[in-house]
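Colleague: Would you mind keeping the following structure in view while I ask a few things?
Protein chains: 4
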Amino acid sequence: MPRTEEVKQRLRDEQRAKILEAAKRVFARKGLTATMDDIAAEAVVSHGLAYHYWASKEAIVSELVTQALRSPAADLHPPLHTPGTPGERLKSLVRGFVESRRHPEFYLLLDQVLRSPDAPEELRTLVRQRSKQMQEGLRHLIVEGQATGEVAAGDPDQLVRAIFACGDGLLRWAHHDPDDFQEHFPDADIFLRILAPERTSIKEEME
Amino acid sequence: MPRTEEVKQRLRDEQRAKILEAAKRVFARKGLTATMDDIAAEAVVSHGLAYHYWASKEAIVSELVTQALRSPAADLHPPLHTPGTPGERLKSLVRGFVESRRHPEFYLLLDQVLRSPDAPEELRTLVRQRSKQMQEGLRHLIVEGQATGEVAAGDPDQLVRAIFACGDGLLRWAHHDPDDFQEHFPDADIFLRILAPERTSIKEEME
Amino acid sequence: MPRTEEVKQRLRDEQRAKILEAAKRVFARKGLTATMDDIAAEAVVSHGLAYHYWASKEAIVSELVTQALRSPAADLHPPLHTPGTPGERLKSLVRGFVESRRHPEFYLLLDQVLRSPDAPEELRTLVRQRSKQMQEGLRHLIVEGQATGEVAAGDPDQLVRAIFACGDGLLRWAHHDPDDFQEHFPDADIFLRILAPERTSIKEEME
Amino acid sequence: MPRTEEVKQRLRDEQRAKILEAAKRVFARKGLTATMDDIAAEAVVSHGLAYHYWASKEAIVSELVTQALRSPAADLHPPLHTPGTPGERLKSLVRGFVESRRHPEFYLLLDQVLRSPDAPEELRTLVRQRSKQMQEGLRHLIVEGQATGEVAAGDPDQLVRAIFACGDGLLRWAHHDPDDFQEHFPDADIFLRILAPERTSIKEEME
DNA sequence: AATGAATGAGTGTTCATTCAT
DNA sequence: TATGAATGAACACTCATTCAT
Chain A
146 MPRTEEVKQR LRDEQRAKIL EAAKRVFARK GLTATMDDIA AEAVVSHGLA
196 YHYWASKEAI VSELVTQALR SPAADLHPPL HTPGTPGERL KSLVRGFVES
246 RRHPEFYLLL DQVLRSPDAP EELRTLVRQR SKQMQEGLRH LIVEGQATGE
296 VAAGDPDQLV RAIFACGDGL LRWAHHDPDD FQEHFPDADI FLRILAPERT
346 SIKEEME
Chain B
146 MPRTEEVKQR LRDEQRAKIL EAAKRVFARK GLTATMDDIA AEAVVSHGLA
196 YHYWASKEAI VSELVTQALR SPAADLHPPL HTPGTPGERL KSLVRGFVES
246 RRHPEFYLLL DQVLRSPDAP EELRTLVRQR SKQMQEGLRH LIVEGQATGE
296 VAAGDPDQLV RAIFACGDGL LRWAHHDPDD FQEHFPDADI FLRILAPERT
346 SIKEEME
Chain C
146 MPRTEEVKQR LRDEQRAKIL EAAKRVFARK GLTATMDDIA AEAVVSHGLA
196 YHYWASKEAI VSELVTQALR SPAADLHPPL HTPGTPGERL KSLVRGFVES
246 RRHPEFYLLL DQVLRSPDAP EELRTLVRQR SKQMQEGLRH LIVEGQATGE
296 VAAGDPDQLV RAIFACGDGL LRWAHHDPDD FQEHFPDADI FLRILAPERT
346 SIKEEME
Chain D
146 MPRTEEVKQR LRDEQRAKIL EAAKRVFARK GLTATMDDIA AEAVVSHGLA
196 YHYWASKEAI VSELVTQALR SPAADLHPPL HTPGTPGERL KSLVRGFVES
246 RRHPEFYLLL DQVLRSPDAP EELRTLVRQR SKQMQEGLRH LIVEGQATGE
296 VAAGDPDQLV RAIFACGDGL LRWAHHDPDD FQEHFPDADI FLRILAPERT
346 SIKEEME
């Protein structure tokens, strides 16, 4: 009866996942100070069960952070190592970001970890590093884009920060007021204007 | 010599202000869950003293929110009722915002009140209303700007949200990593490109 | 074997009862200002456990008051709706009271709730009403007794108050100095003399 | 200018007395857990001033207890060493007691000290001793009265306790509900029936 | 003499965590 | 596996007490 084992394992995994998803939602909603009881209530289990799967609340956060850092939204490869001009790759990066507004929970979690001075330093470092990496990836793309003329001239560091800040704000607002943002979420194009080079007039072009 | 009374009153006011400022910083750093001991430690007083000046932690938050809503950064009059074209007024509004990055604490406080499901509903309503007002003011300006051609065409609601989100993200980042953002804070111009109409070429203009 | 559930429930009820009894004793001894730690120590549990069973200290007081008002000592039916002459019923009422000296805790609790200006108004009202009811019941009995000549003539309100005050004092003393009062607790007869009509002499009777 | 000193001293004494009276009222109303601020508010002074006159809250309680033990209501001499039959002296003792209902604060204070396990042991002992003395004085009177036939036969200890309990209850009720008890306070006669010997009929007397 | 700013121990309550079942 | 009873550290708030003015 090796099936039994498999079934058990599957049930086990499902429970873990259920609690983890509940934790993700609750943290997004209430911040890292959400209680174990909040999580258990959201998952409709007893808080004791969470301790069956994880050693502590911090361990749950840690696993969620790890998941978040592995999720496609936090993945640098596509935009960086995809064929196409820098401008095209920036476009698809921003579009991906705009799309991730449908599941902002991971983003909010990383944000909370980064900004809670009381979060475990190890996790904060992890998130900080990833954030830095993404900034650098974006910066690289921008510099390339400036070379091809697809991106506005100017301090690339400022452009990176502008893009990041804008994305940050959008995801947070999208989570906080989903109805409002469902309707009026800015198109990726609006967003991309931050990077848009000035449309040179024919006259200027000719000079 | 009624000076004595005056001096006492001044000392009193200074202490109040000292604690209030400490609370502002601590809330910005740790969120509304910062403890009274956090605040007291930041102000280098005992927590008991805070209760000499305020009835509760909530009263401190409340006073800070009231201050924040009165602060120039949250004031709609200048941008809305100033002479100049809509585009010029938008520019000065955004510049004011960019400038307020030097004191992002108030902004963060309002943000936290708005996003903490446990914050007193009365305060949340207050902040929500103000936020709505600002969005509407900005929307008005944008619609006007679209009429004069100073602002890009498109759904004004999306533009409002893009601007707000961007500002939100920038202030939060500026607070979280002041050194980084001191150096590379995006110019207002970058920011304003979100609203920028496409520079029409002479040729198009002529058509 | 659904026994397990039953056993658990029983243990749970026992713990609740244990803490409740401890609270009753401690309140009787120290007043309503007795601390949660006092209660927990008396019950030999942690204070946290009390919060597992009740939402607050007030909830414990409230449950105790409810119990007290349901207890036989606070029940008016027997004396009021029992067969017998008013004098006989008064006698049994007073005897019941004298008997309740063995468990004066409930009485003391009600007394404390009634006299603590800080006790929850809802409870105070409840106790006050019951107190009034008992006075009225007793008054009724006294008036009846005066009609039959079993009770001394005079203002029935004064008699009621005299009886109540006497009972109040006796229970409080019995609780405070149990040894002393075990030995010398006044017989119901002594008590009842307050109501006793003067034994008319034969001579007077003849007149 | 020795007048100045005198005036100062008088003012000083008045302040002391004012605070002390305030404390007496507040303790009677709220119990020994009344705060220094309660007292100061009742006396319309700052709490700091109380510390100018006494070293601690306990010192105030202590002085009040001392006063109470010196007050005529707590004085045994008149009833014990006055001319008259025991019955007459008992009557005047009870009448004095009934009269003291107009100022029950002292009585309540002594009661509270006696019953608060946290009150300073020294004070409790003092009050306990006095209470014992009064019981013994009363007992003596009762035994004498039994000898003269002015007091009912029976265990004198029970009679003492009945009288004390009754007085205790009456003073407490008189303080708690002054309006009610102003009107319906039992006459001393009712009270004294506890001690009343059965009116023997002439016939019995003759036997 | 008088005030009230300032402190810190103590109280009601919450919550992460452990553990027996 | 799953529950929830049980614990104790931490937090908001109170209050006796000290002390500078």
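Protein chains in written order, with my numbering: chain A, 146 to 352; chain B, 146 to 352; chain C, 146 to 352; chain D, 146 to 352.
All residues carry an ideal CB built from backbone N, CA and C; glycine is no exception.
1) In chain A, what lies closer than 8 Å to B/Lys175 by C-beta?
2) If we define contact as Cβ-Cβ less than 7 Å, is C/His321 a contact residue for chain D?
3) I need the DSSP call for C/Trp199, collapsed to helix, strand or coil.
4) To the nearest angstrom, how far is the alpha carbon of B/Asp300 from that of B/Lys277?
5) Taking only runs of the beta strand (DSSP E) that begin and end inside the region 161–209 of chain B, which ones reach a length of at least 3 residues, in chain order?
6) What are the boundary residues of the alpha helix (DSSP H) that includes B/Leu259?
7) Is there contact here, the region 283–290 of chain B with the region 204–222 of chain A, by at least three beta-carbon pairs under 8 Å?
8) By a C-beta neighbour count over all protein chains shown, 10 Å radius and 16 as the cutoff for buried, is C/Ile205 buried or exposed?
9) Mind checking if C/Arg306 is an interface residue toward chain D, Cβ cutoff 7 Å exclusive?
10) Can you check which of these residues, A/Phe326, A/Ala333 and A/His321, is closest to A/Arg170 by C-alpha distance?
11) Counting only beta-carbon atoms, is B/Thr270 nearer than 7 Å to chain A?
12) Restricting to Cα atoms, I'd like to know which of A/Ala188, A/Glu343, A/Glu151 and A/Ala264 is closest to B/Lys175.
13) Residue range of the alpha helix (DSSP H) that B/Gly299 falls in?
14) Would DSSP call C/Thr230 helix, strand or coil?
15) Along chain A, in chain order, which residues have C-beta atoms closer than 7 Å to that of B/Ile339?
16) For the alpha helix (DSSP H) that C/Phe326 lies in, which residues bound it at each end?
17) A/Gln280 CB to nearest chain B CB: under 7 Å?
18) If we cut at 7 Å on Cβ distances, does A/Asp182 have a partner in chain B?
19) Whether or not the region 231–247 of chain A and the region 191–210 of chain A are in contact is what I'm after, with contact meaning three or more pairs of Cβ atoms, one per stretch, closer than 8 Å; do they touch?
20) What does the alpha-carbon distance come out to for the pair B/Ala292 and A/Gln327?
21) On the three-pair Cβ rule with 8 Å, is the region 211–219 of chain A touching the region 267–277 of chain A?
22) Quick one: grab the DSSP three-state call for C/Glu159.
23) A/Pro231: buried (16+ other C-beta within 10 angstroms of its C-beta) or exposed?
24) Please tell me whether B/Asp220 has its Cβ less than 7 Å away from any Cβ of chain A.
25) Between the beta-carbon of C/Pro217 and the beta-carbon of C/Leu316, is there less than 7 Å?
26) If we count the other Cβ atoms within 10 Å of its Cβ and call it buried at 16 or more, is D/Pro331 buried or exposed?
27) Against A/Gln327, what residues of chain B qualify as contacts under a CB-to-CB distance less than 9 Å, listed in chain order?
28) Verify whether the separation of the beta carbon atoms of A/Gly314 and B/Asp313 is less than 7 Å.
29) Please list the residues of the region 156–173 of chain C that have a C-beta atom closer than 9 Å to any C-beta atom in chain D, keeping them in chain order.
30) Within 10 angstroms of its Cβ, does C/Leu209 collect 16 or more other Cβ (buried), or is it exposed?
31) Rounded to whole angstroms, what's the CA-CA distance from A/Glu150 to A/Ser201? Just pull it up for me.
32) Does the beta carbon of D/Thr149 come closer than 7 Å to any beta carbon on chain C?
33) Quick one: which chain D residues come within Cβ less than 8 Å of C/Phe330?
34) Apply the 10 Å Cβ neighbour rule to B/Ala168 and answer buried if 16 or more other Cβ atoms are within range, or exposed otherwise.
35) So, under 8 Å CB-CB, D/Val239 and D/Phe336 are touching, yes? Tell me the CB distance rounded to an integer number of Å.
Modeller: In brief:
1) Numbered from 1 along the second sequence, position 30 holds the residue referred to as residue 175 of chain B. Going along chain A in sequence order, the residues near B/Lys175 (Cβ under 8 Å) are Ser261, Pro262 and Asp263.
2) For this step, residue 321 of chain C is matched to residue 176 along the third sequence. Yes - at least one Cβ of chain D is within 7 Å of the one on C/His321.
3) Start at 1 with the first residue of the third sequence, and residue 199 of chain C comes out as number 54. Of the three classes helix, strand and coil, the one that applies to C/Trp199 here is coil, per DSSP.
4) Within the second sequence, residue 300 of chain B is the residue found at index 155, counting from 1. Within the second sequence, residue 277 of chain B is the residue found at index 132, counting from 1. Distance between the alpha carbons of B/Asp300 and B/Lys277 is about 17 Å.
5) none
6) Here residue 259 of chain B refers to the residue found at position 114 of the second sequence. It spans Glu250 to Arg260 - the alpha helix (DSSP H) in which B/Leu259 sits, taken as one unbroken run.
7) no
8) The residue labelled residue 205 of chain C in the question sits at position 60 within the third sequence. By the neighbour-count rule (16 or more Cβ atoms within 10 Å), C/Ile205 is buried.
9) For the purposes of this step, residue 306 of chain C is taken as the residue at position 161 of the third sequence. True, the Cβ-Cβ gap to chain D drops below 7 Å.
10) Within the first sequence, numbered from 1, the residue matching residue 170 of chain A stands at position 25. Looking at the Cα atoms, A/His321 is the closest of the given residues.
11) Numbered from 1 along the second sequence, position 125 holds the residue referred to as residue 270 of chain B. B/Thr270 does not count as touching chain A.
12) Translated into the one-based positions of the second sequence, residue 175 of chain B becomes position 30. Per the Cα distances, A/Ala264.
13) Counting from one through the second sequence, the residue named residue 299 of chain B turns up at place 154. No alpha helix (DSSP H) holds B/Gly299; DSSP gives it neither H nor E.
14) Taking the first residue of the third sequence as 1, we reach residue 230 of chain C at position 85. It is coil, neither helix nor strand.
15) Within the second sequence, numbered from 1, the residue matching residue 339 of chain B stands at position 194. Within chain A, the residues near B/Ile339 are Ile335, Arg338 and Ile339.
16) Counted from its first residue, the third sequence places residue 326 of chain C at position 181. Counting along the chain, the alpha helix (DSSP H) containing C/Phe326 begins and ends at Pro323 to His329.
17) Residue mapping note: residue 280 of chain A aligns to position 135 of the first sequence, counting from 1. No, A/Gln280 does not count as interfacial toward chain B.
18) Indexing the first sequence from 1 puts residue 182 of chain A at position 37. Not one chain B Cβ lies under 7 Å of A/Asp182.
19) no
20) Numbered from its first residue, the second sequence carries residue 292 of chain B at position 147. Numbered from its first residue, the first sequence carries residue 327 of chain A at position 182. Straight-line Cα distance between these residues: approximately 26 Å.
21) yes
22) If you number the third sequence from 1, residue 159 of chain C lands on position 14. Reduced to three states, the DSSP call for C/Glu159 is helix.
23) Indexing the first sequence from 1 puts residue 231 of chain A at position 86. With 16 or more other Cβ atoms within 10 Å, it is buried.
24) Start at 1 with the first residue of the second sequence, and residue 220 of chain B comes out as number 75. So no, B/Asp220 is outside the interface.
25) One-based indexing of the third sequence puts residue 217 of chain C at position 72. One-based indexing of the third sequence puts residue 316 of chain C at position 171. No, the pair does not count as a contact, with Cβ atoms beyond the cut-off.
26) Taking the first residue of the fourth sequence as position 1, residue 331 of chain D is located at position 186. Buried, since its Cβ has 16 or more Cβ neighbours within 10 Å.
27) Position 182 of the first sequence holds residue 327 of chain A. Within chain B, no residue comes near A/Gln327; the closest Cβ sits about 11 Å away, beyond 9 Å.
28) The sequence position of residue 314 of chain A within the first sequence is 169, counting from 1. The sequence position of residue 313 of chain B within the second sequence is 168, counting from 1. Yes.
29) none
30) Your numbering for residue 209 of chain C matches position 64 in the third sequence. So C/Leu209 counts as buried.
31) Numbered from its first residue, the first sequence carries residue 150 of chain A at position 5. Numbered from its first residue, the first sequence carries residue 201 of chain A at position 56. Whole-angstrom Cα-Cα distance: 26 Å.
32) Mapped onto the fourth sequence, residue 149 of chain D falls at position 4. With 7 Å as the cut-off, D/Thr149 does not count as an interface residue toward chain C.
33) The count along the third sequence starts at 1 and reaches residue 330 of chain C at position 185. Near C/Phe330 (Cβ distances below 8 Å), the residues of chain D are Gln303 and Arg306.
34) Indexing the second sequence from 1 puts residue 168 of chain B at position 23. Classification of B/Ala168: buried, given that the 10 Å Cβ count is 16 or more.
35) Taking the first residue of the fourth sequence as 1, we reach residue 239 of chain D at position 94. Taking the first residue of the fourth sequence as 1, we reach residue 336 of chain D at position 191. Sure, about 5 Å apart at Cβ, within 8 Å.
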